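**Q** Heads up: the sequence shown runs through residues 0 to 388, numbered per numbering that gives the first Met the number 0.
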Amino acid sequence: MTSKHVTEVIPLSAPEMKGNEWAYVKECLDTNWVSSAGSFVDRFEDMVSAYVGTGYSIATVNGTAALHVALKVAGIEPDEEVLVSDLTFIAPVNAIRYVGAYPVFIDAEPEFWQMDVNRVSDFLSKECSWKRDGLQNKKSGRRVRAVVPVHLLGHPVDVDPLLELARMYELVVIEDASESLGAKYKGKPVGSLGHMACFSFNGNKIITSGGGGMIVTNDAKWAQMARYLTNQARDDAVEYVHNEIGFNYRLTNVQAAIGVAQMERLGDHVCRKRGIAQSYREALKSIPGLRSIREADWALSTFWLYTVAVEEHYPLKSRDLLDELASRGIETRPVFRPIHLNKPYEAPRSHFPVAEQIYAKALSLPCSVSLTTEDQSRVIDALKEISGI
Ligand SMILES: *Cc1c(COP(=O)(O)O)cnc(C)c1O
0 MTSKHVTEVI
10 PLSAPEMKGN
20 EWAYVKECLD
30 TNWVSSAGSF
40 VDRFEDMVSA
50 YVGTGYSIAT
60 VNGTAALHVA
70 LKVAGIEPDE
80 EVLVSDLTFI
90 APVNAIRYVG
100 AYPVFIDAEP
110 EFWQMDVNRV
120 SDFLSKECSW
130 KRDGLQNKKS
140 GRRVRAVVPV
150 HLLGHPVDVD
160 PLLELARMYE
170 LVVIEDASES
180 LGAKYKGKPV
190 GSLGHMACFS
200 FNGNKIITSG
210 GGGMIVTNDA
220 KWAQMARYLT
230 NQARDDAVEY
240 VHNEIGFNYR
250 LTNVQAAIGV
260 AQMERLGDHV
270 CRKRGIAQSY
280 REALKSIPGL
290 RSIREADWAL
300 STFWLYTVAV
310 EEHYPLKSRD
320 LLDELASRGI
330 ETRPVFRPIH
340 LNKPYEAPRS
350 HFPVAEQIYA
360 KALSLPCSVS
370 LTTEDQSRVI
380 DALKEISGI
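Listed below in structure tokens is the structure:
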């Protein structure tokens with residue numbers, strides 16, 4: 000390969016702070032409202048609720064904390080089981096363990112790389128049976144209580160059949176929408192589809208508050224419980240009475256101020272991500288061996304991370320392509336290692352062929368909201384040159 004003179008590294012996905020972020024943060028500093036209370040926290044929550052269309056939202060310190068509290072609020076107990084995507088960032092799986100429950104991994108489907116609802120159906124119908132105290136996993140003897148579909152890479156899970164299964168088997172559905180704020184399923188925003196949903200506003204997400212998370216739900220009791228648990232389960236603000244063990248999971252006003260400014264730009268971010276995806280899709284048609292991530296008919300994806308599968312007939316395997324692009328100043332990343340391949344969750348004979356295949360082949364390309372046409376052309380030209388066309 001020819002080594003190019005590297006001008007500047009094109010990042011995978013960098014935040015963009017071009018709205019009211021400075022003004023709102025300055026307002027926090029000028030007014031001394033810098034900590035875990037303040038008008039920006041309320042505004043941020045209201046904006047997310049309004050966007051997603053849920054009755055309640057509770058800001059949290061990050062998306063992992065949101066998932067932890069959502070599982071607590073849903074009443075998931077130690078030694079119960081929760082179904083969760085195998086191909087995901089590890090946060091929702093760790094959150095399941097934080098409440099003492101155990102994950103049951105569900106493989107991805109090959110078309111859109113999301114939780115395979117047919118596998119959920121197989122598990123529930125073949126490997127579970129009804130006992131006096133509820134649905135039981137026949138092999139482990141544990142009660143099966145909930146499902147956490149992860150809307151991966153900006154694309155929704157096929158939720159309708161999942162909701163139908165959840166109804167039949169009395170499971171709580173907690174969407175992990177951390178990667179997919181702004182995406183829609185059959186016209187409905189992700190985060191409004193299950194009983195509860197969680198978002199993340201980490202720096203690499205479609206919008207960021209530096210760090211942050213949100214729980215959304217239409218259930219008033221759950222919302223109240225989530226608010227309570229994220230604030231040390233404080234029952235009396237004067238006497239500091241606590242009747243339960245809570246957490247300090249609140250978001251600060253400074254972070255929320257950034258979040259509000261970013262929420263103002265969410266529509267624009269989604270639009271630009273989709274534009275970047277469209278340009279990649281067109282260009283990749285002429286490059287043999289690179290298969291673009293797909294969008295289902297029933298989906299509106301944000302293409303949070305624009306990802307390709309590097310097939311056998313491309314000259315380099317995905318990891319070698321990653322290295323070659325890195326040497327040209329282009330940052331890319333594989334998708335998450337399937338969780339069952341990570342040490343805390345390894346189990347003998349566990350095998351999730353679709354997730355493993357996607358993991359072997361997939362590479363996310365630079366797709367910052369601020370990616371310029373020139374930079375995107377640099378990426379596309381590199382992919383073409385390496386392919387030898
Ligand atoms: C980012 C992310 C989270 C939450 O991450 P935090 O860094 O804790 O905000 C949860 N689940 C998924 C799938 C994610 O990608």
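The beta-carbon is built from N, C-alpha and C at its ideal position, and this holds for glycine as well.
Here the structure is a predicted model, which is why all the values come from computation and not from measurement.
Would you call the CB atoms of I214 and T59 closer than 8 Å?
**A** As a working mapping, residue 214 is identified with position 215 in the sequence shown. As a working mapping, residue 59 is identified with position 60 in the sequence shown. Yes, Cβ-Cβ distance for I214 and T59 is below 8 Å.
**Q** Could you name each continuous alpha helix (DSSP H) segment of 4 residues or more that falls completely within the region 74-113, going from the start of the chain to the end?
**A** 90-97
**Q** Pull up the CB-CB distance for G245 and A236, whole angstroms please, since I reckon it's below 8 Å.
**A** Locating residue 245 in the sequence shown gives position 246, where the first residue counts as 1. Locating residue 236 in the sequence shown gives position 237, where the first residue counts as 1. Not really, about 13 Å apart at Cβ, beyond 8 Å.
**Q** According to DSSP, which residues form a beta bridge with W129?
**A** For the purposes of this step, residue 129 is taken as residue 130 along the sequence shown, with counting starting at 1. Bridge partners of W129: L134.
**Q** Does DSSP put M0 in a helix, a strand or coil?
**A** If you number the sequence shown from 1, residue 0 lands on position 1. With a pLDDT of 49 at M0, under the threshold of 50, the modelled position of this residue cannot be trusted, and the question is left open.
**Q** With K360 and E310 assumed to form a contact (beta carbons below 8 Å), what rounded beta-carbon distance in angstroms separates them?
**A** As a first step, residue 360 must be located in the sequence shown, where it is residue number 361. As a first step, residue 310 must be located in the sequence shown, where it is residue number 311. Contact flag correct, Cβ pair sits at about 7 Å.
**Q** Look at the alpha carbon of I57 and the alpha carbon of E238, and state the distance between them as a whole number of angstroms.
**A** Here residue 57 refers to the residue found at position 58 when the sequence shown is read from its first residue. Here residue 238 refers to the residue found at position 239 when the sequence shown is read from its first residue. Their backbone Cα atoms lie some 24 Å apart in a straight line.
**Q** Do you know how far the Cα of P188 is from the Cα of S179?
**A** Taking the sequence shown and counting its residues from 1, one reaches residue 179 at position 180. Taking the sequence shown and counting its residues from 1, one reaches residue 188 at position 189. Computed Cα separation, rounded: 9 Å.
**Q** Regarding K204 and ligand 1, is the C-beta to nearest heavy atom distance less than 7 Å?
**A** What you label residue 204 is simply residue 205 of the sequence shown in a count that begins at 1. Checking every heavy atom of ligand 1 against the Cβ of K204, one is found closer than 7 Å.
**Q** Would you decide whether D380 is buried or exposed? Buried here means 16 or more other CB atoms lie within 10 Å of its CB.
**A** Translated into the one-based positions of the sequence shown, residue 380 becomes position 381. Flag for D380 reads exposed.
**Q** Quick check on this structure: which residue in H150, P77, N117 and D121 has the alpha carbon closest to the alpha carbon of P102?
**A** To locate residue 102, count along the sequence shown from 1; it is residue 103. The candidate whose alpha carbon is nearest that of P102 is P77.
**Q** Which of the three DSSP states, helix, strand or coil, is assigned to Y279?
**A** By 1-based counting over the sequence shown, the position of residue 279 is 280. Y279: helix per DSSP, three-state reduction.
**Q** Return the chain-ordered ranges of every alpha helix (DSSP H) run that is complete within the region 184-249 and spans a minimum of 4 residues.
**A** 219-229
**Q** Are there any heavy atoms of ligand 1 lying less than 7 Å away from the beta-carbon of A90, as far as the coordinates show?
**A** By one-based count along the sequence shown, residue 90 stands at place 91. Answer for A90: yes, Cβ within range of ligand 1.
**Q** In whole angstroms, what is the alpha-carbon distance linking L134 and H312?
**A** Position 135 of the sequence shown holds residue 134. Position 313 of the sequence shown holds residue 312. Their backbone Cα atoms lie some 46 Å apart in a straight line.
**Q** Tell me whether T229 is buried or exposed, calling it buried when 16 or more other Cβ atoms sit within 10 Å of its Cβ.
**A** Counting from one through the sequence shown, the residue named residue 229 turns up at place 230. So T229 counts as buried.
**Q** May I have the straight-line CA-CA distance separating W21 from G202, to the nearest angstrom?
**A** Along the sequence shown, one-based indexing puts residue 21 at 22. Along the sequence shown, one-based indexing puts residue 202 at 203. Roughly 16 Å separates the two Cα atoms.
**Q** Confirm the yes/no value for this check: CB of S199, any heavy atom of ligand 1, distance under 7 Å.
**A** Mapped onto the sequence shown, residue 199 falls at position 200. The answer is yes for S199.
**Q** Just how far apart, CA to CA, sit T87 and S38?
**A** Taking the sequence shown and counting its residues from 1, one reaches residue 87 at position 88. Taking the sequence shown and counting its residues from 1, one reaches residue 38 at position 39. About 34 Å.
**Q** Quick one: give me the first and last residue of the beta strand (DSSP E) that A255 is part of.
**A** The sequence position of residue 255 within the sequence shown is 256, counting from 1. Looking at the DSSP string, A255 is not in any beta strand (DSSP E); the run it does join, the alpha helix (DSSP H), is N252 to M262.
**Q** Below 8 Å on the Cβ atoms is my guess for Y55 versus A219; work out the distance and round it to an integer in Å.
**A** The count along the sequence shown starts at 1 and reaches residue 55 at position 56. The count along the sequence shown starts at 1 and reaches residue 219 at position 220. Sure, about 7 Å apart at Cβ, within 8 Å.
**Q** I'd like to confirm something about N61: is its beta-carbon nearer than 7 Å to some heavy atom of ligand 1, or not?
**A** Counting from 1 along the sequence shown, the entry for residue 61 is found at position 62. Yes, the beta carbon of N61 sits closer than 7 Å to at least one heavy atom of ligand 1.
**Q** Buried or exposed, going by whether 16 or more other CB atoms sit within 10 Å of the CB of R348?
**A** Position 349 of the sequence shown holds residue 348. So R348 counts as exposed.
**Q** So I393 is in the alpha helix (DSSP H); what residue range does that whole segment cover?
**A** Absent from the structure is residue 393, since the part of the chain shown begins at 0 and ends at 388.
**Q** Can L364 and V307 be called in contact, C-beta distance under 8 Å?
**A** Here residue 364 is taken as the residue at index 365 of the sequence shown, counted from 1. Here residue 307 is taken as the residue at index 308 of the sequence shown, counted from 1. Closer than 8 Å, so yes.
**Q** Cα separation between D29 and V253?
**A** Along the sequence shown, one-based indexing puts residue 29 at 30. Along the sequence shown, one-based indexing puts residue 253 at 254. Straight-line Cα distance between these residues: approximately 11 Å.
**Q** When every heavy atom of ligand 2 is checked, does at least one fall within less than 7 Å of the C-beta of T87?
**A** Among the ligands present in this structure, namely ligand 1, ligand 2 is not found.
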